[in-house]
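If you're matching them up, the sequences are chains D and B in order. When the letters of the first sequence are read in order and numbered with this note's numbering, they come out as residues 1 to 363. When the letters of the second sequence are read in order and numbered with this note's numbering, they come out as residues 364 to 649. To start, the structure under review is shown below, and the notes come after it.
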Amino acid sequence: MYVAVKGGEKAIENAHAWLAEERRGAIDVAELSLAQIREQLSLAVNRVMAEGSLFDPDLAALAIKQARGDLIEAIFLIRAYRTTLPRFGYSVPVETGKMACDRRISATFKDAPGGQVLGPTFDYTHRLLDFKLAAEGEVASAPEALPRTNPTPHITEFLTGEGIIQDEPPSDATPGDLTREPMEFPSNRPLRLQSLTRGDEGFVLGMAYSTQRGYARNHAFVGELRIGKVEVQMDIPELGFAIDIGEIELTECETVNQFKGSKTEPPQFTRGYGLVFGQSERKSIAMALVDRALRWKELGEDNMGAPAQDEEFVLSHADNIQATGFLEHIKLPHYVDFQSELELVRKLRREAEERVTMKEAAE
Amino acid sequence: MSEYNFAYLDEQTKRMIRRAILKGLAVPGYQVPFASREMPMPYGWGTGGVQVSAATLTPDDTLKVIDQGADDTTNAVSIRKFFEKTAGVETTEETEKATIIQTRHRIPEAALREDQILVYQVPIPEPLRFLEPRETETRKMHSLEEYGLMHVKLYEDISQHGAISTSYAYPVKVSERYVMDPSPIPKFDNPKLEMDAIQLFGAGREQRIYAVPPHTKAVSLDFEDYPFEATKADHPCDLCGAENSYLDEVITDDAGNRMFVCSDTDYCRSRREAGHAGRLAKEDAA
Chain D
1 MYVAVKGGEK AIENAHAWLA EERRGAIDVA ELSLAQIREQ LSLAVNRVMA
51 EGSLFDPDLA ALAIKQARGD LIEAIFLIRA YRTTLPRFGY SVPVETGKMA
101 CDRRISATFK DAPGGQVLGP TFDYTHRLLD FKLAAEGEVA SAPEALPRTN
151 PTPHITEFLT GEGIIQDEPP SDATPGDLTR EPMEFPSNRP LRLQSLTRGD
201 EGFVLGMAYS TQRGYARNHA FVGELRIGKV EVQMDIPELG FAIDIGEIEL
251 TECETVNQFK GSKTEPPQFT RGYGLVFGQS ERKSIAMALV DRALRWKELG
301 EDNMGAPAQD EEFVLSHADN IQATGFLEHI KLPHYVDFQS ELELVRKLRR
351 EAEERVTMKE AAE
Chain B
364 MSEYNFAYLD EQTKRMIRRA ILKGLAVPGY QVPFASREMP MPYGWGTGGV
414 QVSAATLTPD DTLKVIDQGA DDTTNAVSIR KFFEKTAGVE TTEETEKATI
464 IQTRHRIPEA ALREDQILVY QVPIPEPLRF LEPRETETRK MHSLEEYGLM
514 HVKLYEDISQ HGAISTSYAY PVKVSERYVM DPSPIPKFDN PKLEMDAIQL
564 FGAGREQRIY AVPPHTKAVS LDFEDYPFEA TKADHPCDLC GAENSYLDEV
614 ITDDAGNRMF VCSDTDYCRS RREAGHAGRL AKEDAA
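Spelled out as structure tokens, the structure:
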């Protein structure tokens, strides 16, 4: 006989206990330490920091451990934590021109002041499984050279002098804050960039790829890609000047895009921009391509009707925490709505049958 | 709980939400944008309702949380526990005793009072969304009171199916101005939208809050020759015998036999305690 479904509370507790056990895995295998995750899964840590919008490698490592390696779940943990943190103030803009670069490449110039620095990249590795890694072993240390002490100039600066690339007029206007104001459309470039930098890597990648395949193609070259550490400075009212409060690792990508000119703009190169926490190369390039595609209106281009040109479409669907929450909520009970649909479909079927019977009787 | 502020959110965030709520109450049915925060439960799982409840709760409040009309569904349990932990408020399953009721997909059967607040969890606040996906367009349509598209949709329903084929999240016109999505409640609940209590609607992911103040007109859209009809399963409750409560259909055995029970578990319980009995009441007690 039907027994009212009670005991949800107990079931939830038990499910959580089981989850904790599964997270730990077999107990005869050593437990992962946060330091191990931070040091050896650093690109996962970077992704969690970037999409979680919080630069803290230790917390990101904790989130990855707690989430059993599910990065979107880890990003969610970081977002939920970050929202509880008090907001002391805003830093001054970081100066990526002064970045201490681990990697810095340009696809548009063979060489440039500052040089091409490959850094720790997967590029040019052959993607062959390295079975040596299955056994434990020490890694031979890489050769070292003295770091550059001079700032590494941005490649696009060399084009700016010639007036051949679209100018980016500086502005002292305070940009909006995506996490403090509701997103409204049409939006603006600062908010778009904020949305893209915390957007889902897969989504932004897919959008960028679609522009390369002809859905609002924008002919991008990687003008420059740089990865390294920058200082973060903050104005301290009591002191009256800005001081260093720490340093963060960033990946910055500037694309140089072919442009034949439009009704409003002369022929010149145009730009797309990507800036992401940590070593997040794929994401920053993708971000720059999507940024460029979204700038069609400001550059007087035609709207091709391509998804990547559609600000409302891109920004409304880029956030994986919103997306996964709404997607997965269909697991929740919906039986009340389903019941009303049942009643409706039964009623419509009854009426359709009656119509058929009446029609047959009439014939 | 010392680690988190009362009801989780910081006071500034609560103030921001309260301003949105007050604006919503001042302009019934209008969707007020608000800077929704990330909550420790997923978007789509009631973050809008939770933020509205958090901004509305005071330490003296008594909270009831229901999902599908029931207090013991898993997500209702989870949200109730969240507030027990972060606000330390009293909770109850009795509609009568609650001062704030957070709900998903139902309006309680018992009439609510002036000193109660009903907080709805809203997935898609925009009633026009599935007719026009763009927010920029739908906001324009609301500001111009341009609801022709909705009437065309209802008309097409009738011409194709012989009836308006919306059975839940049935749109209403509030205070003769804004067309509003009452959240996915069954249309059976629509007439109850005109009530004595304050009704607040929170959509976290979509960053919108809206409200229906007490004693405000909320008219379900229809046509003169096809009037709105609040429907339910054509049975009494098998446990408490109620004739006019919304029912869940439960499959009881492998042969596909069914029983119908009140979706509002507290309503059903209180009726049974008062001595009402349905067709299967005895068996259940056994």
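In this text, a Cβ means the ideal position worked out from N, Cα and C, and glycines have one as well. Quantities reported herein were computed from a predicted structural model and do not represent experimental measurements.
Tell me the DSSP bridge mates of Arg226(D)? Looking up residue 226(D) in the first sequence gives position 226. BP columns for Arg226(D) point to Arg104(D) and Glu252(D).
Beta-carbon spacing of Gly228(D), Glu249(D) below 8 angstroms: Position 228 of the first sequence, counted from the first residue, corresponds to residue 228(D). Position 249 of the first sequence, counted from the first residue, corresponds to residue 249(D). Yes.
Please confirm if Arg400(B) has its CB atom under 8 angstroms from at least one CB of chain D. As a position in the second sequence, residue 400(B) is number 37, starting the count at 1. By this cut-off, Arg400(B) is an interface position.
Could you check how far apart the C-beta atoms of Ser538(B) and Pro396(B) are, in whole angstroms? I think they sit under 8 angstroms. Within the second sequence, the letter at position 175 stands for residue 538(B). Within the second sequence, the letter at position 33 stands for residue 396(B). Actually they do not touch by this definition, with Cβ atoms about 20 angstroms apart.
Applying the criterion that 16 or more other CB atoms from any shown protein chain within 10 Å of the CB defines a buried residue, is Ala362(D) buried or exposed? Working through the first sequence from its first residue, we reach residue 362(D) at position 362. When all chains shown are included, Ala362(D) counts as exposed.
Closest residue to Leu610(B) among Ser583(B), Ile470(B) and Ala383(B) (Cα-Cα distance): Indexing the second sequence from 1 puts residue 610(B) at position 247. Ranking the options by Cα distance to Leu610(B), first place goes to Ile470(B).
Between Tyr335(D) and Ala433(B), what straight-line distance do the alpha-carbon atoms span, to the nearest angstrom? For the purposes of this step, residue 335(D) is taken as residue 335 along the first sequence, with counting starting at 1. For the purposes of this step, residue 433(B) is taken as residue 70 along the second sequence, with counting starting at 1. Looking at the two C-alpha atoms, the distance is approximately 11 angstroms.
Taking Cβ to Cβ, would you say Arg476(B) is nearer than 8 angstroms to Gln322(D)? Sequence index remark: in the second sequence, residue 476(B) carries index 113 (1-based). Sequence index remark: in the first sequence, residue 322(D) carries index 322 (1-based). No, they are not a contact pair.
Taking 8 angstroms as the CB-CB limit, is Phe277(D) close to chain B? As a first step, residue 277(D) must be located in the first sequence, where it is residue number 277. Chain B contact via Cβ: absent.
Report yes or no: is there a C-beta of chain D within less than 8 angstroms of the C-beta of Val440(B)? Start at 1 with the first residue of the second sequence, and residue 440(B) comes out as number 77. Yes, its Cβ sits closer than 8 angstroms to a Cβ of chain D.
Kindly identify the DSSP beta-bridge partner or partners of Asp616(B). Working through the second sequence from its first residue, we reach residue 616(B) at position 253. BP columns for Asp616(B) are empty, so no partner.
Just checking: is the beta-carbon of His329(D) within a distance shorter than 8 angstroms of some beta-carbon in chain B? In the first sequence, residue 329(D) corresponds to position 329, counting from 1. At a cut-off of 8 angstroms between beta carbons, His329(D) contacts chain B.
Give me the DSSP bridge partner(s) of Val624(B). As a first step, residue 624(B) is located in the second sequence; it is residue number 261 there, counting from the start. In DSSP, Val624(B) forms a bridge with Asp611(B).
The alpha helix (DSSP H) enclosing Lys68(D), as first and last residue numbers: In the first sequence, residue 68(D) corresponds to position 68, counting from 1. Contrary to the premise, residue 68(D) reads as Arg rather than Lys in this sequence. Element bounds for Arg68(D): n/a, residue is neither H nor E.
Roughly how many whole angstroms lie between the Cα atoms of Arg571(B) and Lys331(D)? Translated into positions along the second sequence, residue 571(B) becomes position 208. Translated into positions along the first sequence, residue 331(D) becomes position 331. Looking at the two C-alpha atoms, the distance is approximately 23 angstroms.
Tell me which residues share the same chain as Lys386(B) and place their Cβ nearer than 6 angstroms to its Cβ, disregarding the 5 neighbours each side in the sequence. Your numbering for residue 386(B) matches position 23 in the second sequence. Excluding residues within five positions, the ones whose Cβ falls inside 6 angstroms are Val395.
Return the Cβ separation of Thr454(B) and Arg443(B) in integer angstroms, given the expectation that the two are a contact with Cβ distance under 8 angstroms. Position 91 of the second sequence, counting from 1, holds the residue named residue 454(B). Position 80 of the second sequence, counting from 1, holds the residue named residue 443(B). 5 angstroms between Cβ atoms; contact.
Cβ contact check for the segment 49 to 59 of chain D and the segment 269 to 283 of chain D: 3 or more pairs under 8 angstroms: yes
Examine chain B for any beta-carbon lying closer than 8 angstroms to the beta-carbon of Ile72(D), and answer yes or no. Taking the first residue of the first sequence as 1, we reach residue 72(D) at position 72. Answer no: the Cβ-Cβ gap between Ile72(D) and chain B never drops below 8 angstroms.
Residues of chain D with CB under 9 angstroms from Ser626(B), in chain order? Along the second sequence, one-based indexing puts residue 626(B) at 263. Going along chain D in sequence order, the residues near Ser626(B) (Cβ under 9 angstroms) are Tyr335, Val336 and Gln339.
Check each residue of the segment 441 to 475 of chain B: if its Cβ is closer than 7 angstroms to any Cβ of chain D, include it; give the result in chain order. Ser441, His468 and Arg469
Counting only Cβ pairs nearer than 9 angstroms, list the residues of chain B close to Thr357(D). The residue you call residue 357(D) lines up with position 357 of the first sequence. Result: empty, since nearest Cβ-Cβ is about 15 angstroms, beyond 9 angstroms.
Asp111(D) versus Gly69(D) - alpha carbon distance: Along the first sequence, read from residue 1 onward, the residue named residue 111(D) stands at position 111. Along the first sequence, read from residue 1 onward, the residue named residue 69(D) stands at position 69. Each residue's alpha carbon lies about 40 angstroms from the other.
In whole angstroms, what is the alpha-carbon distance linking Asn218(D) and Gln258(D)? For the purposes of this step, residue 218(D) is taken as the residue at position 218 of the first sequence. For the purposes of this step, residue 258(D) is taken as the residue at position 258 of the first sequence. Just so you know, the alpha carbons of Asn218(D) and Gln258(D) end up roughly 7 angstroms apart.
Taking only beta carbons into account, state which residues of the segment 556 to 576 of chain B come closer than 7 angstroms to chain D, listed in chain order. Arg568 and Gln570
By how many angstroms is the C-alpha of Glu366(B) removed from the C-alpha of Gln194(D)? What you label residue 194(D) is simply residue 194 of the first sequence in a count that begins at 1. What you label residue 366(B) is simply residue 3 of the second sequence in a count that begins at 1. About 29 angstroms.
Could you name the residues of chain B that Arg79(D) contacts, counting a contact when the two beta carbons are closer than 9 angstroms? One-based indexing of the first sequence puts residue 79(D) at position 79. Those within 9 angstroms of Arg79(D) in chain B are Glu401.
Sequence-distant residues of its chain with Cβ nearer than 6 angstroms to Arg79(D) (five each side left out): For the purposes of this step, residue 79(D) is identified with residue 79 of the first sequence, where counting begins at 1. Taken in chain order, the residues that qualify are Gly52 and Ile321.
Assign Asp627(B) to buried or exposed, taking buried as 16 or more other Cβ atoms, counted over all protein chains shown, within 10 Å of its Cβ. Taking the second sequence and counting its residues from 1, one reaches residue 627(B) at position 264. Per the 10 Å Cβ criterion, buried.
Quick one: is Ala74(D) buried, meaning 16 or more other Cβ sit within 10 Å of its Cβ, or exposed? To locate residue 74(D), count along the first sequence from 1; it is residue 74. It counts as buried.
Who are the near neighbours of Tyr541(B) in its chain, counting only those whose CB is closer than 6 angstroms to its CB and skipping five residues on each side? The residue you call residue 541(B) lines up with position 178 of the second sequence. Taken in chain order, the residues that qualify are Gly392 and Tyr393.
Measuring alpha carbon to alpha carbon, tell me which residue in Leu299(D), Thr251(D), Tyr90(D) and Arg104(D) is nearest Lys263(D). Mapped onto the first sequence, residue 263(D) falls at position 263. Of the candidates Leu299(D), Thr251(D), Tyr90(D) and Arg104(D), the one whose C-alpha sits nearest the C-alpha of Lys263(D) is Leu299(D).
Best match in Pro186(D), Glu22(D) and Pro190(D) for proximity to Pro170(D) [C-alpha to C-alpha]: Taking the first residue of the first sequence as 1, we reach residue 170(D) at position 170. When the alpha-carbon of Pro170(D) is set against those of Pro186(D), Glu22(D) and Pro190(D), the nearest one is in Pro190(D).
Output, in chain order, the set of chain D residues within a Cβ distance shorter than 9 angstroms of Thr594(B). Here the question's residue 594(B) lines up with position 231 in the second sequence. Within 9 angstroms Cβ-Cβ: Ser340, Glu343, Leu344 and Lys347.
Considering Phe564(B), what are the terminal residues of the beta strand (DSSP E) in which it resides? Sequence index remark: in the second sequence, residue 564(B) carries index 201 (1-based). Note, Phe564(B): beta strand (DSSP E), Ile561 to Ala566.
Shorter than 8 angstroms from the beta carbon of Phe55(D) to some beta carbon of chain B? Against the first sequence, residue 55(D) aligns to sequence position 55. Answer no: the Cβ-Cβ gap between Phe55(D) and chain B never drops below 8 angstroms.
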